[in-house]
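Presented below is the structure to which this report refers.
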Amino acid sequence: MAVIEAIATQYLEAEAASVTFSSIPTTYEHLQIRMSARSTYNYFLASPRLTFNGAAGTAYSSHDMKGASSTASAAGSTGEAWTKIPRYTTGNGDNNYADRLQTGDYGPAVIDILDYRNANKNTTVMAVGGAALTTTGLAVALASGLFDDTTVITSITLDSDGSWMRGSEFTLYGLNSS
Amino acid sequence: MAAFTVIGHTELSGSAASIEFTSISGSYDHLYIQASLRTTSSDSPRGGSLQLGNGSVDTGTNYSWTQLDAWTSTPASSHPTGETYLGGFKLVGTDALADTFSSATFWIPNYANTANFKQVLVSGVCPNNSTTNYEWHLGVAGGLWSATSAVDVVKISCDDLAQYSTVTLYGVTGA
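Top to bottom, those sequences are chains A and B.
If you read the first sequence in our numbering, its first letter stands for residue 1307, the second for the next number, and so on.
If you read the second sequence in our numbering, its first letter stands for residue 113, the second for the next number, and so on.
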C-alpha cells in the first residue's frame, strides 16, 4: 500500500460553480489537496472557500498571513459559513484588470487537513496558496481554517467568489500512517 | 520503490511531555513530519520545540532559525540563534477553543549526511474561533541544527502535549 494515494482528481473541462469531493474514505490519517485554479471573479485575485460535509452555518473561522505586491499583513474572521482556504487564487479580471492576466495564469495551492477522521478533534486546515500573474498584483498567503465540529470528514467542497474556470484542476490525496 | 515510507506514527492516549522517534534509519533521502498538536498550557499560542540528535537529543545551544509569523495584523520576522531547540511554530492550548489542534509540518532534507549542518523548513498554524490579537498564530521558518551528525532522533515538545496529539514521521526517497 502506497503511503500517499490519489483519491480523486477533478479537471474542469467547463466552468463550474464548485468542486466537491464526496464519499471520502476514512481509511487515511491525513488529507491533502493540491490545486491549480482560476476563478471567473472580476478581479485579478479571488478568494476560494472551503466547506466540509455540506455544512454551512457559522462554525467556520479563518486566519491568514499574506503578502500582496509589496505589503504584508494578517487578518482573521470567525462565525462564517465557510473557511477562506486557500486565501488566494487567480481571478479573471475580465474588465478592469485584464492587462495583468494572461490565459495561462492560474493560482497554485496546497491544503493540509490533518487527522480528518479523528472524532476527538475539530477539523483544522493549513494551506499555502497564491495567485500567479504575468504582471503585477501577485499575492501569496499562509492560512489556517477551523471547522468547529468533530464529525469525521467525508465531503469537501471548494468554491470561490466566482465560478472555477475551465482548466482548473484539483486532486485529493490520502496519506496513510502505517 | 515507494517515494514515501511511514517510519512512525504516534497518537497520545493521554498528555505527555513529548513525542520522540529514535533509531531512525539513515536509508532515506529526506524526512517529513506532519503533526497535529495541542498543549495542556492555558497560555497559548505556546511556542513548540523541535530537537534533533544522533543517539540522543541534542540539548546544546546549536539551533537557530529565521521565522516570519503573525498573531496580530502585522507579520514580523525574527532570527533566534544559539537556542537549545528549533522553534518557529506554536501550539493551541486549553485557553483556545476546545477540541482544536494546531497543524505543523517539518521538512528535513538530507538528514543522514555527515558533511553539512541540517536544515529544517517549518510551517505551522494555530487555528481558533477568535480574531483577538495573540489568540491565533501563523508562521513559517527556516531552521538550522549546527551539527554534521546524521539525524536519527527527532523530538517534538511543548510543555505537555495534550491527549490525541499526533505526529507522523515519513522517510522520503529520491529516484
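From the three backbone atoms N, C-alpha and C, an ideal C-beta is built for every residue, glycine too.
- Within the DSSP bridge table, the entry for A/A1362 names no partner.
- Annotated three-state conformation of B/V284 is strand, per DSSP.
- Taking CB atoms only, A/L1448 has a neighbour in chain B less than 7 Å away.
- Leaving aside the five residues that flank B/G236 on each side, the residues in its chain whose CB is nearer than 6 Å to its CB run, in chain order, F201, A216 and G251.
- Burial is judged here by how many other beta carbons sit within 10 angstroms of a residue's own beta carbon; B/N174 has at least 16 and is buried.
- Against chain A, the beta carbon of B/P187 has neighbours under 9 Å at M1371, K1372, G1373, A1378, S1379 and A1380, listed in chain order.
- Approximately 5 Å separates the beta-carbon atoms of A/S1328 and A/S1461; this is inside 8 Å, confirming the contact.
- Taken atom to atom, the span from the alpha-carbon of B/A114 to that of B/S185 is near 42 Å.
- Residue pairing of B/P221 in beta bridges, as defined by DSSP: B/H142.
- The DSSP-derived three-state label of B/F116 is strand.
- For the segment 159 to 183 of chain B, the beta-carbon criterion of a distance under 9 Å to any beta-carbon of chain A is satisfied by L180, D181, A182 and W183.
- Residue pairing by DSSP puts B/C238 in a beta bridge opposite B/H249.
- Residues of chain B whose Cβ lies closer than 8 Å to the Cβ of A/G1451 are, in chain order, P239.
- Counting along the chain, the unbroken beta strand (DSSP E) around A/P1414 starts and ends at G1413 to L1420.
- CA-CA distance, B/L273 to B/R150, rounds to 6 Å.
- Rounded to whole angstroms, the Cβ separation of B/S148 and B/T278 is 5 Å, and the two are in contact under 8 Å.
- Exclusion of the five residues before and after A/Y1366 leaves E1386, W1388, T1389 and F1453 as the residues of its chain whose Cβ lies within less than 6 Å of its Cβ.
- Per the coordinates, the alpha-carbon of A/R1472 lies some 30 Å from the alpha-carbon of A/S1383.
- For B/T196, same chain residues with a beta-carbon under 7 Å away, outside a window of 5 residues either side, are T171, G172, T173 and Y175 in chain order.
- By the neighbour-count criterion, in which 16 or more other beta carbons inside 10 Å mark a residue as buried, A/E1319 falls on the exposed side.
- At a cut-off of 7 Å between beta carbons, A/T1384 contacts chain B.
- Looking at the DSSP output, A/S1345 bridges to A/W1470.
- Contact annotation: B/T152 and B/S125 have beta-carbon atoms that are not nearer than 7 Å.
- When Cβ-Cβ separations below 7 Å define contact, B/D211 makes contact with chain A.
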